[in-house]
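To start, the structure itself, in structure tokens.
4 protein chains.
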Amino acid sequence: MEPLSEPQIAAALAELPMWSYENGKLHRTFRFRDFRDAFAFMSRGALIAEAMHHHPEWFNVYHTVKVWLVTHDAGGVTEQDLALARALSEPMSLPR
Amino acid sequence: MEPLSEPQIAAALAELPMWSYENGKLHRTFRFRDFRDAFAFMSRGALIAEAMHHHPEWFNVYHTVKVWLVTHDAGGVTEQDLALARALSEPMSLPR
Amino acid sequence: MEPLSEPQIAAALAELPMWSYENGKLHRTFRFRDFRDAFAFMSRGALIAEAMHHHPEWFNVYHTVKVWLVTHDAGGVTEQDLALARALSEPMSLPR
Amino acid sequence: MEPLSEPQIAAALAELPMWSYENGKLHRTFRFRDFRDAFAFMSRGALIAEAMHHHPEWFNVYHTVKVWLVTHDAGGVTEQDLALARALSEPMSLPR
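Protein chains in written order, with my numbering: chain E, 2 to 97; chain W, 2 to 97; chain B, 2 to 97; chain U, 2 to 97.
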């Protein structure tokens, strides 16, 4: 995995409007109604991450989840971080 | 906790249209887009149940979650089962 | 994935003593101290399953988790079911 | 809830040897075998916290979970933080 250049990251973030590039990592803060929804989001995110073999740095308190994405092995933000950012940004499906 | 009568249960289910009363339990099948969303729903449901000290019987395979609610100590369906059915039926909040 | 023969399944179950072969599926009942530990086990199991792209049929009520494993596409129990049974049977690590 | 004095906190931490008192919060780092076990621990911790109506500040990356406990409403560490620290420190039960 090659690290992306800053222009490549900026171009990708145009499609990920809630995300920013800070201190060499992709970053977003998610705020939910309550802890339950925040932790349900984290459970779904944990399944996504484990299946990708690529894990976030994340912090939670009550209804807030802060996420930072970077590929340590590549020394920067890679396509894998963008893929994880996109997957985490997808809304939960409503049940039928 | 007193068990509800069948007319009381029928009246309550009018407000819970996806739920039915079967073999003495409240029942609903939830179907999601994929396993991830199904398990996120279960994680949220587990938090709701633990905080209520009232737990579902539930079965999962892939994107399907089948839920049965009854209050064993009361020998029937109680207000607690209705409260859990309502809470499980609430949609996940979208993050800000 | 080829389904395993009954002798192959019997040989594999010799190393999985809590599991049985019932109605064409691998089966085990796990009983924990409480709902919390049962659901923590399910969370870990969900991560294992999602990473394998192979999901259990499972039922939970309070501290009990019943698991059935079969590979529907193969029409029987396969090596993938054995791998999932082994992974679910591993104890949680203690933290340092 | 009254905040505890520093001597009270120090006395309580004698029974919680992996925890420290740092910057006005109880703190512990948990390290597990892998992400799966770390997230199973968080799922169990989320259930404990939600049932107590008292939530941690926590950070996770891969097999590491860092936890900080404080009662914001009380302006300090309270008995509730000690109770949550004790519950998070309990090992998972092995299944039968």
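Idealized CB from N, CA, C, for every residue including glycine. Values in this document were obtained by computation on a predicted structure and should not be read as measured data.
Top-ranked residue by Cα proximity to residue i, from the options
i	options	result
residue 7 of chain U	U/89, U/80, U/97	U/80
residue 54 of chain B	B/32, B/5, B/73, B/33	B/73
residue 16 of chain U	U/69, U/67, U/91, U/41	U/91
residue 94 of chain U	B/52, B/97, B/41	B/41
residue 66 of chain U	U/14, U/13, U/37	U/37
residue 61 of chain E	E/43, E/13, E/9	E/43
Same chain, Cβ closer than 8 Å to residue i, five either side skipped, listed in chain order
i	result
residue 71 of chain B	25, 26, 27, 58, 77, 78, 82
residue 49 of chain W	85, 88, 89
residue 35 of chain U	63, 64
residue 11 of chain E	22
residue 2 of chain W	72, 74, 75, 79, 80, 81
residue 9 of chain E	none
residue 51 of chain W	none
Beta-bridge partners of residue i, as assigned by DSSP
i	result
residue 21 of chain W	W/28
residue 58 of chain B	W/62, B/69
residue 77 of chain U	U/72
Residue i burial status per 10 Å Cβ neighbour count (16 or more: buried)
i	result
residue 5 of chain W	buried
residue 19 of chain U	exposed
residue 97 of chain W	exposed
Nonlocal neighbours in the same chain, by C-beta distance under 6 Å from residue i, ignoring five residues either side
i	result
residue 68 of chain B	29, 57, 59
residue 46 of chain B	89
residue 14 of chain W	20
Proximal residues to residue i (C-beta, below 7 Å), its chain only, five neighbours per side dropped
i	result
residue 32 of chain U	64, 65
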